[in-house]
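Numbering (our numbering), first residue to last: 122 to 226. What follows is a single structure, written as structure tokens, with notes after it.
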């Protein structure tokens, strides 16, 4: 039996759209970012998902939500009664960029 890992980055945010760093700041996804998440879920819903690991940032949760909906769970932070559940992992939080936060790349 082989293990397959899928790494995805969150959808477009209001900061990434303008070329800025967001780090520990937690911007919302843009409409395009939400559409990216929807398209990922639509395209990859048939894979055998057993878990998803996301940071506790709003942008990662919003990116994971369409996939959760597509595989039959609407809960982001609980494994009760679901074979698929995203786990919010604090250690996955982004780094603090100091003065670069909100600045240009």
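C-beta atoms are modelled at their ideal positions from N, C-alpha and C, and glycine is treated no differently.
Excluding residues up to 5 positions away in sequence, 150, 154, 157, 158, 184 lie with their Cβ nearer than 6 Å to the Cβ of residue 132 in the same chain. When beta bridges are read from the DSSP output, residue 139 appears opposite no residue. Residue 172 and residue 164 have their C-alpha atoms spaced approximately 17 Å apart. In the structure shown, residue 150 falls within a strand segment according to DSSP collapsed to helix, strand and coil. At a Cβ-Cβ threshold of 9 Å, residue 136 and residue 168 do not count as neighbours.
Within the same chain, 147 come within 6 Å of residue 179 by CB-CB distance, once the 5 residues on both sides are set aside. Cβ neighbours of residue 166 within its own chain (closer than 8 Å, five residues either side excluded): 188, 191, 192. Residue pairing by DSSP places residue 134 opposite 150 in a beta bridge. Its Cα nearest to that of residue 124, the residue 170 stands out among 170, 130, 152. An exposed status is given to residue 138, since fewer than 16 other beta-carbon atoms sit within 10 Å of its beta-carbon. For residue 180, the enclosing alpha helix (DSSP H) has its first and last residue at 179-191.
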